[in-house]
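A.B. asks: Quick one: this structure, given as structure tokens, is what I'll be asking you about.
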Amino acid sequence: MTIEVKNIVKRFGSFAALDNVDLKVGKGELLALLGPSGSGKTTLLRIIAGLDWPDAGEVTIDGEDALGHGASERHVGFVFQHYALFRHMTVFENVAFGLRVQPRAVRKDEATIRARVKELLDLVQLDWLANRYPSQLSGGQRQRIALARALAIEPRILLLDEPFGALDAKVRKELRQWLRSLHNEIHVTSIFVTHDQEEALEVANRVVVMDKGRIEQIGSPGEVYDNPATAFVHGFIGESIVLPVEVSGGSVRLGDRPLNIAADGAASGASKLFVRRHDMQIGPAGTGSLEGAVRHVRSFGPIQRAEVALTGGEGKTVIEIDAPRDRELQAGEIIGLQPRRYRIFAAQD
Amino acid sequence: MSTQTTFVTPATRLQAYSSTADLAISPPSGRDASTRARSAVASKDLRSEPGPIRFIIIALAISFLTIFVVLPLLVVFASAFSKGITAYFAALAEPEALSAIRLTLLVAAISVGLNLVFGVIAAWAIAKFEFPGKTFLITLIDLPFSVSPVISGLVFVLLFGAQGYWGTWLQAHNVQILFAVPGIALATIFVTFPFVARSLIPLMQEQGTQEEEAAISLGASGLQTFFRVTLPNIKWGLLYGVLLCNARAMGEFGAVSVVSGHIRGETNTMPLLVEILYNEYQFVASFAIASLLAMLALITLVVKTVLEQRLDEGQTPRDELRDEP
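In order, the protein sequences belong to chains S and U. Under our numbering, the residues of the first sequence are numbered 5 to 353, in order. Under our numbering, the residues of the second sequence are numbered 1109 to 1433, in order.
Here it is in structure tokens:
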């Protein structure tokens, strides 16, 4: 099922939670809305679900206007960050809820409902918990039950609000892969909200990066990581080294030190140079555009992470770089650095 | 939503509510924190207190309770049975006594029933929606607690009395409100209004709206959401409020006394009859009725304790089980 969002505006008082947002979601997609808190991602999700209403704009689901219908008529599965399971009902009744509240004309008989619930509990691999109450489950189990409950109504689309946000790191990782494979199995158009870039890049087919109520970039996980469209996306996704540079007529300077890199068409003026930590080429002192003293080295796995105090530039700039361990760095050593891949964005006030 | 909610026992519920909600008449902020700190210190000191002092303090508390609570209660029952069991039941079988019991039950049923509905609506509005004038509404709900019951009764006299605003109109249409059941019920409703709303607001605020949102997104209608999700979640708090409301409705004296007119066998509730009989030196009869009210109090106390336990169970955030690795 497709979802189309057009020119959505939503204000809370004078705060613009969503500022002219456009988005198209294709059939069977698994889309991530990624952004820091306050970026409007949850508000957008709630508007699609019908739990919030925009001040202006359109939402269509399958080409049909959704804003004319309340949440209960939209057939949208919603999974809450804190599960929102009905605490006075057993797991079984929680999952059955959506089937039991259907209008009498379309309501299934008890045997069909029981079979369907059983099927869903099998799908989330928790059929053995059917008679427990939510308070007797772990966080991961609760979230899987919440998902089964949302799927019970055979939703046209599935919306997940920070589905793994309240879980600890290890469980989060497991559930991610599980959600990925579940989506491969049932193929319902899904949108999930997260502030965790790793989660978004790992699970989604397409990532929508949001900041301050606007969409900064839409692209595949590879695109948003390798070709960030804006300074915000570069800074938010992946770890970046950010250096304040001056661009003038195609040449780039850090303080009074000219850098041997092309401006790549960046406009003249104060700018920011973004380099991924692992995209700094390390050489002996005197090679490369930058030079610095290694202050501290930590090695783990295949990489060593070094803190380097740059010489030149404005005062003492300290950056962290990741280098392969083919050449062990020593604290105190002076090294030359050359950005291998980089992006230059105009500095915003 | 926080799973680590501050633990609020029902006993401190009303007080905690009035100091946490942004009430215009709220007591100085920080009072909660300071009392908690003080009691923590006191209990620590108590444990380190030498035996005799501990004994004296406990003895003082118990004797105080005995003199001011237990003794009067015993006197009520002793006086009621002072002429024997036959006299006791004879006094209760008097037509006047029966009429008072009937009237009290009727008024309690009306006022508890209506306040149940009003209270749930008011608590729902306050806990689940944001709207201008919310603080004012919260203050208004508390008004009956801060006004003397006699004044509450007088208000109805001013409205419905012969010289009141609507008195002439009511007389012309032959509608009897004052000195009749409607007046007594109105006064009782007014006085007991806050109980249900106040016991529900903190509970509903704590529970938030997520379960309702979940229900709606699963296709439930408004009514289905209320009866299948909201009501089961608040049932113990609701019962708690109803219980207190009922106890007050049956025991109310001041406001009812002003509007009742004391027509014997017609508009006397049990508390009013107790006073009348006492003034007529019919001590056995007076205390017999009083003993019924005292029993109501005792039953209320027991049920209240049970309900508080249920509420605490429902509220204590159980430790989330660990996910298996």
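Just so you know, even glycine gets a beta-carbon here, dropped at the ideal spot from N, CA and C. Everything numeric in this text was worked out from a predicted model, so none of it was measured.
When DSSP labels each residue in this structure, what does Arg281(S) get in the three-state scheme?
C.D. replies: DSSP places Arg281(S) in helix when its eight states are reduced to three.
A.B. asks: Opposite Asp165(S) in the DSSP bridges: which residues?
C.D. replies: Val197(S), per the DSSP bridge assignment.
A.B. asks: With a cut-off of 8 Å, do at least 3 Cβ pairs link the stretch 1313-1326 of chain U to the stretch 47-57 of chain S?
C.D. replies: The stretch 1313-1326 of chain U is in contact with the stretch 47-57 of chain S.
A.B. asks: Can you list, in chain order, the residues of its chain with a C-beta nearer than 7 Å to that of Leu1308(U)? Leave out the 5 residues immediately preceding and following it.
C.D. replies: Only Gly1227, Val1228, Ala1231, Ile1342, Gly1345, Leu1346, Gly1349 meet the Cβ criterion.
A.B. asks: The stretch 283-301 of chain S: which residues have C-beta closer than 9 Å to a C-beta of chain U, in chain order?
C.D. replies: Flagged: no residues at all.
A.B. asks: Output, in chain order, the set of chain S residues within a Cβ distance shorter than 7 Å of Gly1345(U).
C.D. replies: Going along chain S, no residue has its Cβ under 7 Å from Gly1345(U), so there is no contact; the nearest lies around 13 Å.
A.B. asks: Tell me which residue opens and which closes the beta strand (DSSP E) that Met214(S) is part of.
C.D. replies: Per DSSP, Met214(S) belongs to the beta strand (DSSP E) from 210-215.
A.B. asks: Hey, how far is the Cα of Asp1250(U) from the Cα of Phe1303(U)?
C.D. replies: The alpha-carbon atoms of Asp1250(U) and Phe1303(U) are separated by roughly 9 Å.
A.B. asks: Look at the alpha carbon of Ala150(S) and the alpha carbon of Ala173(S), and state the distance between them as a whole number of angstroms.
C.D. replies: So the alpha carbons of these two residues sit roughly 19 Å apart.
A.B. asks: Restricting to Cα atoms, I'd like to know which of His187(S), Gly226(S), Lys216(S) is closest to Gly202(S).
C.D. replies: The sequence as given places Glu at residue 202(S); Gly does not occur at that position. The shortest C-alpha separation from Glu202(S) is found at Gly226(S).
A.B. asks: Along chain S, in chain order, which residues have C-beta atoms closer than 7 Å to that of Ile1324(U)?
C.D. replies: The answer, in chain order, is Ala75, Ser76.
A.B. asks: Going straight from the alpha carbon of Leu34(S) to that of Trp132(S), what length do you get?
C.D. replies: Answer to the nearest angstrom: the Cα atoms are 29 Å apart.
A.B. asks: Using a Cβ-Cβ cut-off of 9 Å, state whether Glu1314(U) counts as contacting chain S.
C.D. replies: Answer no: the Cβ-Cβ gap between Glu1314(U) and chain S never drops below 9 Å.
A.B. asks: Please report the Cβ distance between Ser1399(U) and Val1184(U), rounded to the nearest whole angstrom; I am assuming they are in contact, meaning their Cβ atoms lie under 8 Å.
C.D. replies: Going by Cβ atoms, the distance from Ser1399(U) to Val1184(U) rounds to 6 Å, so yes, they are a contact pair.
A.B. asks: When the Cα of Ala297(S) is compared with those of Gln285(S), Glu178(S), Ser303(S), Glu311(S), which residue comes out closest?
C.D. replies: Nearest of Gln285(S), Glu178(S), Ser303(S), Glu311(S) to Ala297(S), Cα basis: Glu311(S).
A.B. asks: Identify, in the order they occur along the chain, each residue of the same chain with its Cβ nearer than 7 Å to the Cβ of Gly1359(U), setting aside the five sequence neighbours on each side.
C.D. replies: Result list for Gly1359(U): Pro1379, Leu1401, in chain order.
A.B. asks: If you measure between the beta carbons of Arg309(S) and Arg302(S), is that distance less than 9 Å?
C.D. replies: In contact: Arg309(S) and Arg302(S) (Cβ atoms closer than 9 Å).
A.B. asks: Can you tell me the Cβ-Cβ gap for Leu368(S) and Ile265(S), rounded? I've got them flagged as a contact below 8 Å.
C.D. replies: For residue 368(S) there is no data in the structure shown, the boundaries of chain S being 5 and 353.
A.B. asks: So, using beta-carbon positions, are Val1382(U) and Thr1300(U) closer together than 9 Å?
C.D. replies: No; because the gap between Cβ atoms is not below 9 Å, this pair is not in contact.
A.B. asks: If you compare alpha carbons, which of Leu1352(U), Phe1197(U), Phe1335(U) is closest to Val105(S)?
C.D. replies: Looking at the Cα atoms, Phe1335(U) is the closest of the given residues.
A.B. asks: Any beta carbon from chain U within less than 9 Å of Ile51(S)'s own beta carbon?
C.D. replies: It does not: the Cβ of Ile51(S) has no partner Cβ on chain U nearer than 9 Å.
A.B. asks: If Leu205(S) sits next to Val211(S), beta carbons under 8 Å apart, how far is it from one beta carbon to the other, in whole angstroms?
C.D. replies: Right, their Cβ atoms sit about 7 Å apart.
A.B. asks: Give me the Cβ distance between Glu62(S) and Lys10(S), rounded to the nearest whole Å; I'm assuming they're in contact under 8 Å.
C.D. replies: That pair is a contact at about 4 Å.
A.B. asks: Using a Cβ-Cβ cut-off of 6 Å (strictly less than) and excluding sequence neighbours within five positions of Ala1451(U), which residues of its own chain qualify?
C.D. replies: Beyond the ends of chain U as shown, which are 1109 and 1433, falls residue 1451(U); an answer cannot be given.
A.B. asks: Give me the Cβ distance between Ser275(S) and Ala350(S), rounded to the nearest whole Å; I'm assuming they're in contact under 8 Å.
C.D. replies: Going by Cβ atoms, the distance from Ser275(S) to Ala350(S) rounds to 6 Å, so yes, they are a contact pair.
A.B. asks: What residues are listed by DSSP as bridge partners for Gly74(S)?
C.D. replies: DSSP output for Gly74(S) lists no bridge partner at all.
A.B. asks: Does any residue of chain S bring its CB to less than 9 Å from the CB of Val1414(U)?
C.D. replies: No, Val1414(U) does not count as interfacial toward chain S.
A.B. asks: Under 9 Å, do Asp283(S) and Tyr346(S) count as touching if we go by C-beta distance?
C.D. replies: Yes, the Cβ-Cβ distance between Asp283(S) and Tyr346(S) is below 9 Å.
A.B. asks: Under 9 Å, CB to CB, which of the residues in the stretch 54-67 of chain S have a partner in chain U?
C.D. replies: Those residues of the stretch 54-67 of chain S that come within reach of chain U (Cβ to Cβ, closer than 9 Å) are Gly54, Leu55.
A.B. asks: Could you tell me which chain U residues have their CB closer than 7 Å to the CB of His187(S), listed as they occur along the chain?
C.D. replies: None at all; the shortest Cβ gap to chain U is about 19 Å.
A.B. asks: Taking a Cβ distance cut-off of 7 Å, strictly less, list which residues of the stretch 96-126 of chain S are near chain U, in chain order.
C.D. replies: Cβ contacts with chain U come from Phe101, Gly102, Val105, Gln106.
A.B. asks: Can you have a look at Ile1193(U) and say buried or exposed, based on whether 16 or more other CB atoms are within 10 angstroms of its CB?
C.D. replies: Exposed, since its Cβ has fewer than 16 Cβ neighbours within 10 Å.
A.B. asks: Kindly list, in the order they appear in chain U, the residues whose Cβ is closer than 9 Å to that of Ile157(S).
C.D. replies: In chain order: Ser1325, Leu1326, Gly1327.
A.B. asks: Whether or not the stretch 152-159 of chain S and the stretch 99-118 of chain S are in contact is what I'm after, with contact meaning three or more pairs of Cβ atoms, one per stretch, closer than 8 Å; do they touch?
C.D. replies: Enough Cβ pairs lie closer than 8 Å, so yes.
A.B. asks: At a CB-CB cut-off below 8 Å, which residues of chain S make contact with Val1337(U)?
C.D. replies: Chain S residues near Val1337(U): Phe90.
A.B. asks: Within the 9 Å Cβ cut-off, does Phe84(S) reach chain U?
C.D. replies: So, interface residue.
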